[in-house]
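Order-wise, the sequence lines are chains A and B.
Under the numbering used here, residues 188 to 301 are what the first sequence spells out, in order.
Under the numbering used here, residues 33 to 147 are what the second sequence spells out, in order.
Built from N, CA and C at the ideal position, the CB exists for glycine as well.
Data block below; observations after.
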Amino acid sequence: AQKITQTQPGMFVQEKEAVTLDCTYDTSDPSYGLFWYKQPSSGEMIFLIYQGSYDQQNATEGRYSLNFQKARKSANLVISASQLGDSAMYFCAMREKNTDKLIFGTGTRLQVFP
Amino acid sequence: DVKVTQSSRYLVKRTGEKVFLECVQDMDHENMFWYRQDPGLGLRLIYFSYDVKMKEKGDIPEGYSVSREKKERFSLILESASTNQTSMYLCASRLGTGILNTEAFFGQGTRLTVV
Chain A
188 AQKITQTQPG
198 MFVQEKEAVT
208 LDCTYDTSDP
218 SYGLFWYKQP
228 SSGEMIFLIY
238 QGSYDQQNAT
248 EGRYSLNFQK
258 ARKSANLVIS
268 ASQLGDSAMY
278 FCAMREKNTD
288 KLIFGTGTRL
298 QVFP
Chain B
33 DVKVTQSSRY
43 LVKRTGEKVF
53 LECVQDMDHE
63 NMFWYRQDPG
73 LGLRLIYFSY
83 DVKMKEKGDI
93 PEGYSVSREK
103 KERFSLILES
113 ASTNQTSMYL
123 CASRLGTGIL
133 NTEAFFGQGT
143 RLTVV
């Protein structure tokens, strides 16, 4: 069955430092996509980055990069040079090609301190 | 600009009432989703729809039903509201069945309180 696991309920990082948010997944579909979303205290869901199961390279978008380890079924989000505005909930999500379901993990609350 | 609009930001209903949560998207997206978000549990999928009149149960469909008569509108129905359905409800839409890399767009959420 399709499943996303985020084992870090909360993380702290100092401004300008890098931080890694963990995500592991489980699926029997060889074709899938992985997404990360940010949810600030305002509640909106903001799409950050996407990684496809057949992508050869790790995805990057500005300060966000995805450490994709297919054999370990992990897709960790790396935020470089953290900013105070990065304080938010972060959700990992997966979509399987053969079901089209989009499921989410339980999220990680990141707090960036000066 | 893409837009997913949920009909209410805040809603208070009584136990046993029938509750309708409406979601409209203006992007001609095939796929639409309803989630509930609770602290420590993340977003849990209630129902989703591939296209008009097509629906699939998610992980927690009990106590809910959905309707999709038109492509742009996806309604979540609580047949008989109970206090354990007090939650934040998020609607999302996405382009394309079977296309993996399209992101989902979310509404602003409806915070439902059942008293």
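Listed along the chain, the chain A residues whose CB falls inside 7 Å of the CB of residue 106 (chain B) amount to none; the nearest CB is some 14 Å away. Separation of the CB atoms of residue 41 (chain B) and residue 142 (chain B) is rounded to 6 Å, and the pair is thereby assigned contact status at 8 Å.
Residue environment: residue 243 (chain A) is assigned as exposed (fewer than 16 neighbouring CB atoms within 10 Å of its CB, all protein chains considered). Taken through DSSP and simplified to helix, strand or coil, residue 115 (chain B) comes out as helix. At least one beta carbon of chain A lies nearer than 8 Å to the beta carbon of residue 82 (chain B).
Within the model, the alpha-carbon separation for residue 84 (chain B) versus residue 100 (chain B) is close to 6 Å. Leaving aside the five residues that flank residue 204 (chain A) on each side, the residues in its chain whose CB is nearer than 6 Å to its CB run, in chain order, 269. Take the alpha-carbon of residue 250 (chain A) and the one of residue 275 (chain A): they are about 15 Å apart. Nearest C-alpha to residue 39 (chain B) among B:48, B:57 and B:49: B:57. The three-state reading of DSSP puts residue 128 (chain B) in coil, since its state is none of H, G, I, E or B.
By the neighbour-count criterion, in which a residue is buried when 16 or more other Cβ atoms sit within 10 angstroms of its Cβ, residue 44 (chain B) is exposed.
In this chain, the beta strand (DSSP E) harbouring residue 109 (chain B) covers 105-110. Going by DSSP, residue 274 (chain A) is part of no beta strand (DSSP E) at all; its letter is neither H nor E. By the CB criterion at 8 Å, residue 75 (chain B) and residue 122 (chain B) fall inside the cutoff. Linking residue 266 (chain A) to residue 46 (chain B) through their CA atoms gives a straight-line distance of about 43 Å. For residue 288 (chain A), the nearest CB of chain B lies under 8 Å from its own CB, placing it at the interface with that chain. For residue 292 (chain A), no beta strand (DSSP E) encloses it, and the DSSP letter there is neither H nor E. For the region 233-248 of chain A, residues whose beta-carbon sits nearer than 7 Å to a beta-carbon of chain B comprise 234, 237 and 239. From the beta-carbon of residue 38 (chain B), no residue of chain A is found nearer than 9 Å; the closest lies around 11 Å away. In this structure, DSSP gives residue 99 (chain B) an extended state, which the three-state scheme calls strand. Here residue 294 (chain A) has 193, 276, 277 and 278 as same chain residues with Cβ atoms under 7 Å from its own Cβ, once five neighbours each way along the sequence are excluded.
Taking C-beta atoms as the reference points, residue 290 (chain A) and residue 77 (chain B) count as a pair closer than 8 Å.
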